[in-house]
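In my numbering, the protein residues as written are 501 to 722.
Here a beta-carbon is modelled for each residue, glycine too, at the ideal position from N, C-alpha and C.
Please read these numbers as outputs of a predicted model, since none were measured by experiment.
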């Protein structure tokens, strides 16, 4: 069995077999992998179930997010749980009350390119992810394009690239919290779980529990 969450930049795979050498971890007899999506496309994998922008035969991502999140005991037992998935091209969230669906939204425009934009900025300005540190000041950004403009203007005025990008990341966190209707707590899914600056920025507005990058992929497993 192969379960694939085919993202724009990276793809997450859960498999019964060890398909690749670079394994993230093994759990309950299953192997977990994260690989660039362009590499996955050349592997001719035939997934049992798949979701994501780059998947040929896809399952609904919101359903995968909901099913994957509900496998977490804390989410399942919470009186109210808001699960936010921040990706390279979109942002989506779902809310449960007493374990039952209550609300959701999916944004592919204002949240578009946020994750991908951060990666591009880090590479362009030769900034390492761990150089990004939470800053109280934020850029009021609605998409990656406007964010890049603010960053370039700030750097031109003398601000360090790492500080400017950190302000942009804070803006992403603030927008994400507003997008989720300002919950008291967010269960975070996706690659931003590994971005301490984003997590700390979100914590400025609510409690945050990172669920990792395999939530959607685990939601594909029946």
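| Query | Result |
| --- | --- |
| Taking the Cβ atom as the reference point for each residue, do residue 708 and residue 672 lie within a distance shorter than 9 Å? | no |
| Assign residue 525 to buried or exposed, taking buried as 16 or more other Cβ atoms, counted over all protein chains shown, within 10 Å of its Cβ. | exposed |
| Taking residue 594 and residue 565 to be in contact with their CB atoms under 8 Å, please state how far apart those CB atoms are, rounded to whole angstroms. | 6 Å |
| What did DSSP end up calling residue 596 once you bin it into helix, strand or coil? | strand |
| If I measure Cβ to Cβ from residue 609 and keep anything under 6 Å in the same chain, skipping five residues before and after, which residues do I get? | none |
| On the three-pair Cβ rule with 8 Å, is the segment 531-551 touching the segment 569-577? | no |
| Assuming contact is defined by CB atoms lying nearer than 9 Å, are residue 659 and residue 632 in contact in what I supplied? | no |
| According to the Cβ coordinates, are residue 693 and residue 711 closer than 9 Å? | yes |
| Starting from the N-terminal side, write out each stretch of the beta strand (DSSP E) that is 3 residues or longer and does not extend beyond the segment 507-553. | 510-515, 525-527, 530-536, 549-551 |
| Quick one: what's got a C-beta closer than 8 Å to residue 550's C-beta in the same chain, skipping five residues either side? | 503, 504, 505, 506, 556, 557, 558, 559, 720 |
| Would you call the CB atoms of residue 624 and residue 700 closer than 9 Å? | no |
| Taking the beta carbon of residue 686 as the centre, do at least 16 other beta carbons fall within 10 Å, making it buried, or is it exposed? | buried |
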